[in-house]
Structure formats: structure tokens, C-alpha cells
Amino acid sequence: MHNLGFPGKQQTDSLPTMDPKELERAFQENPLYKEMLEDLLKIQPGFTPEPTFSKNGAGDLKSLGIEEIRELKVLKERERGQKK
Amino acid sequence: MNPTKRWLDPYPWAVIVYLNLQACNSGKVLHQAKPGNHDDAKSRWDTARDRELTLREVLELCRECHRAAPFQFFNGNTFASVARSVIQDVLKQLPPTKAHIFKSAVGHFVAGTIEPPEFDNVYKSVLNLLKNSSLSQNASTAC
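Chains A and B supply the protein sequences, listed in that same order. Per the working numbering, residue 4 is the first one in the first sequence, and the count goes up by one each step. Per the working numbering, residue 4 is the first one in the second sequence, and the count goes up by one each step.
Here it is, written out as C-alpha cells:
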């Protein structure tokens with residue numbers, strides 16, 4: 004195993020060159036990183052933790068189901084409204 | 004006109020590692036790299052970051068890095084969220100429905116649940132849309 008250099012019980016080493024505190028601040032302040040982190044956590048339930056794609060070449064992202072369809076319907080309605 | 008761009012400039016490897024840390028904390032699993040896999044993926048990422056690439060090449064790299072499994076857990080959503088972030092500027096130039104479909108297709112492509120030929124159909128339709136839109140002339144040339 005390989006430590007990755009971030010605070011927490013598993014990390015003791017520091018591989019990445021960026022200061023972990025600076026990085027943490029960047030994720031709190033930079034809208035690009037903030038949105039990316041929010042998106043990561045939003046889609047997380049669709050993924051299994053284990054690296055199945057590397058083992059069998061088939062990924063395992065589950066659809067967000069009804070939520071995704073509902074979102075799409077709302078967008079479509081909005082588009083129709085704009086066209087009128 | 005330059006058909007490529009340094010899409011990965013805002014995404015140093017340390018950011019990828021931090022994202023994976025957050026995914027692991029949220030999923031209550033150990034945040035650890037896979038020796039060998041991690042260094043290979045990092046080196047590919049760092050090399051690509053210094054180069055001007057097409058958007059298609061960047062998305063392929065995210066998929067390959069997911070497949071390379073540099074981390075013990077949650078490689079999929081780590082790289083899918085990076086890819087979905089990279090396309091933000093493109094999404095802003097698409098109609099909402101198309102943007103939603105493209106974002107979802109990018110996530111599934113990087114996750115490995117849709118194959119390149121299927122993804123390319125969506126990708127090409129997005130490119131055509133961008134090309135046909137006079138407002139998005141610059142963005143489409145960088146794809």
C-alpha cells in the first residue's frame with residue numbers, strides 16, 4: 004500500500020506536491036473544485052467501491068433512476084417554455 | 004485556429020487524490036493508492052496535463068485512468084467527476100436537455116458502462132450542435 008499525503012488515519016507520507024491545507028482551502032473556495040466535489044458525492048451512490056472496471060473491463064455505474072428522468076423532464080419543459 | 008486546448012490545466016494530480024480521499028471518507032473505506040497503478044496513472048496524467056489535447060482525448064484519458072485503478076476504492080466516481088467538470092464550459096453552450104444528456108453520457112463513458120462507439124454518437128452530435136451555433140464557434144474548435 005501507498006500513502007497519499009493527506010491528513011487522516013491512513014496517511015503519514017506526502018506524495019503530492021500541493022500542501023494539503025492549501026488544497027482543502029482550494030476546495031472550499033474555488034467554485035470549480037467545489038462543484039466537482041459536490042458532483043462526486045452526488046454520483047457516488049451509483050458506484051461500487053471496488054475497482055471492477057480494471058478487473059473485468061465493464062464499469063458499474065448505476066443510473067440515478069427516476070431522479071434523472073425527472074430532471075430531464077423539467078429541463079425539457081423549460082426549453083419548451085422558452086421557445087413559446 | 005488551434006483545435007486543441009490544455010483542458011487539464013486546473014486539475015493537478017493532487018486534486019485527483021483529494022477527490023478520492025473525499026470519496027473514500029464518504030464511503031467509509033480506506034483511502035489508499037495501489038502501488039504501481041498509482042504511479043503509472045499519475046505519470047500519464049502529468050504528461051497529458053502539459054499537453055494540448057482534444058476534449059475526446061481528455062475523456063479517453065479519464066476512462067483509462069479509471070481503468071488503471073490508481074486507488075484501492077472509488078476510482079470510478081473520482082475520474083467521472085473530473086471529466087464532468089472538464090466539460091462544464093461546453094455544457095453552458097448547449098440547450099439544457101442536450102447538456103444533461105452529454106453530462107450523463109460522459110459519466111457513463113468514464114465509468115465504463117458505455118462503449119466508445121456509443122459515446123462517439125453522442126459526442127459527434129454535440130460537436131455538430133456546437134459547430135452550428137455561431138455563439139460557440141471557439142469552444143467547438145477546441146473539441
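Even for Gly, the Cβ is constructed at its ideal location relative to N, Cα and C. This one's a predicted model, so the numbers in the text were calculated from it and none came from an experiment.
Out of the options, which one is the CA nearest neighbour of residue i?
| i | options | result |
| --- | --- | --- |
| residue 122 of chain B | B/107, B/136 and B/133 | B/107 |
| residue 51 of chain A | A/27, A/41 and A/64 | A/64 |
| residue 93 of chain B | B/47, B/83, B/126 and B/43 | B/126 |
| residue 15 of chain B | A/36, A/76 and A/84 | A/36 |
| residue 85 of chain A | B/99, B/17 and B/34 | B/99 |
| residue 175 of chain B | B/119, B/128 and B/40 | Given a span of 4 to 146 for chain B in the structure shown, any question on residue 175 of chain B remains unanswerable. |
| residue 45 of chain B | B/120, B/78, B/136 and B/114 | B/78 |
| residue 114 of chain B | A/76, A/56 and A/83 | A/56 |
| residue 50 of chain B | B/18, B/83 and B/12 | B/12 |
| residue 95 of chain B | B/83, B/34 and B/136 | B/136 |
| residue 70 of chain B | B/54, B/58 and B/112 | B/112 |
| residue 88 of chain B | B/109, B/104, B/55 and B/28 | B/109 |
| residue 86 of chain B | B/72, B/101 and B/60 | B/60 |
| residue 101 of chain B | B/128, B/54 and B/134 | B/128 |
| residue 35 of chain B | B/118, B/72, B/105 and B/134 | B/72 |
| residue 64 of chain B | B/48, B/27 and B/134 | B/48 |
| residue 68 of chain B | B/33, B/83 and B/105 | B/83 |
Please compile the residues from chain B whose C-beta is within a distance smaller than 7 Å of the C-beta of residue i.
| i | result |
| --- | --- |
| residue 62 of chain A | 79, 114, 115 and 116 |
| residue 82 of chain A | 98, 99 and 100 |
| residue 46 of chain A | 80, 83, 84 and 110 |
| residue 79 of chain A | 100 |
How should residue i be labelled, buried or exposed, when 16 other C-beta atoms within 10 angstroms of its C-beta is the threshold for buried?
| i | result |
| --- | --- |
| residue 60 of chain A | exposed |
| residue 46 of chain A | buried |
| residue 77 of chain A | exposed |
| residue 31 of chain B | exposed |
| residue 23 of chain B | buried |
| residue 37 of chain B | buried |
| residue 66 of chain B | buried |
| residue 25 of chain B | buried |
| residue 80 of chain B | buried |
| residue 23 of chain A | buried |
| residue 90 of chain B | buried |
| residue 95 of chain A | With chain A covering only 4 through 87, there is no way to say anything about residue 95 of chain A. |
Taking the alpha-carbon positions, what's the residue i to residue j distance?
| i | j | result |
| --- | --- | --- |
| residue 43 of chain A | residue 20 of chain B | 13 Å |
| residue 8 of chain B | residue 116 of chain B | 27 Å |
| residue 42 of chain B | residue 81 of chain A | 46 Å |
| residue 131 of chain B | residue 40 of chain A | 30 Å |
| residue 58 of chain B | residue 10 of chain B | 7 Å |
| residue 74 of chain B | residue 83 of chain A | 44 Å |
| residue 28 of chain A | residue 72 of chain A | 35 Å |
| residue 118 of chain B | residue 32 of chain A | 36 Å |
| residue 133 of chain B | residue 103 of chain B | 15 Å |
| residue 18 of chain B | residue 29 of chain B | 16 Å |
| residue 62 of chain A | residue 25 of chain A | 33 Å |
| residue 159 of chain B | residue 74 of chain A | Summary: the structure shown does not reach residue 159 of chain B, with chain B confined to residues 4 through 146, and so no result is reported for it. |
| residue 3 of chain B | residue 79 of chain A | The displayed coordinates of chain B run from 4 to 146. Any statement about residue 3 of chain B would go beyond what the structure contains. |
| residue 124 of chain B | residue 105 of chain B | 11 Å |
| residue 30 of chain A | residue 120 of chain B | 35 Å |
Please list the partners that residue i has in chain A, where partner means a Cβ-to-Cβ separation under 7 Å.
| i | result |
| --- | --- |
| residue 1 of chain B | Beyond the ends of chain B as shown, which are 4 and 146, falls residue 1 of chain B; an answer cannot be given. |
| residue 71 of chain B | 57 |
| residue 44 of chain B | Per Cβ cutoff of 7 Å: no residues; residue 44 of chain B is ~10 Å from chain A at best. |
What in chain B is Cβ-close to residue i, meaning under 8 Å?
| i | result |
| --- | --- |
| residue 32 of chain A | Per Cβ cutoff of 8 Å: no residues; residue 32 of chain A is ~13 Å from chain B at best. |
In chain A, which residues lie less than 8 Å from residue i when you measure between Cβ atoms?
| i | result |
| --- | --- |
| residue 119 of chain B | None at all; the shortest Cβ gap to chain A is about 12 Å. |
| residue 76 of chain B | 52, 53 and 54 |
Applying a beta-carbon distance threshold of less than 9 Å, which residues of chain A neighbour residue i?
| i | result |
| --- | --- |
| residue 22 of chain B | 30, 36, 39, 40 and 43 |
| residue 51 of chain B | Ordered by position in chain A, no residue passes the 9 Å Cβ test against residue 51 of chain B, which lies about 17 Å from the chain. |
| residue 29 of chain B | 43, 44 and 47 |
Problem - Any alpha helix (DSSP H) of 4 or more consecutive residues that is wholly inside the segment 62–93 of chain B - result: Within the segment 62–93 of chain B, the runs of alpha helix (DSSP H) at least 4 residues long that lie entirely inside it are, in chain order, 78–89.
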